[in-house]
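Enquirer:
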Amino acid sequence: MKHHRFIAHDGLVYNYDTTTGHYEPEIEEETRIPLWRGLIPIVLIGFGAAFGAAYCLYRACEALLG
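Residues 7 to 72 (the numbering used here) make up the sequence shown, in order.
1) Using a Cβ-Cβ cutoff of less than 6 Å, which residues in the same chain neighbour Ile13 once the five nearest sequence positions on both sides are dropped?
2) Skipping 5 residues on each side, what residues in its chain have a beta carbon closer than 6 Å to that of Asn21?
3) Measuring straight from C-alpha to C-alpha, what distance separates Phe53 and Arg65?
4) Starting from Pro40, trace the beta strand (DSSP E) both ways and give me its first and last residue.
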């Protein structure tokens, strides 16, 4: 089984298998950012915003009532 690699004019890469005579496209896997790397900053920003809103509400009530 021998493979030959061809690059088409549109940039796609194909492997040619000499035993079967078939061209198979070479599929590149997408690189994905792991969920936790994107989720941690969002959670931290959310908790920071909630804490800031609660503190702002506390100071507003303190100023109005007291």
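All C-beta atoms in this analysis are idealised placements derived from N, C-alpha and C, irrespective of residue type, glycine included.
Expert: Taking the geometry as given:
1) Reading the sequence shown from its first residue, position 7 is the one you call residue 13. Val19.
2) If you number the sequence shown from 1, residue 21 lands on position 15. So the qualifying residues of the chain are His9, Arg11, Glu30, Glu32.
3) Numbered from its first residue, the sequence shown carries residue 53 at position 47. Numbered from its first residue, the sequence shown carries residue 65 at position 59. Taking the straight line joining both Cα atoms gives about 18 Å.
4) By one-based count along the sequence shown, residue 40 stands at place 34. No beta strand (DSSP E) contains Pro40, which DSSP labels as neither H nor E.
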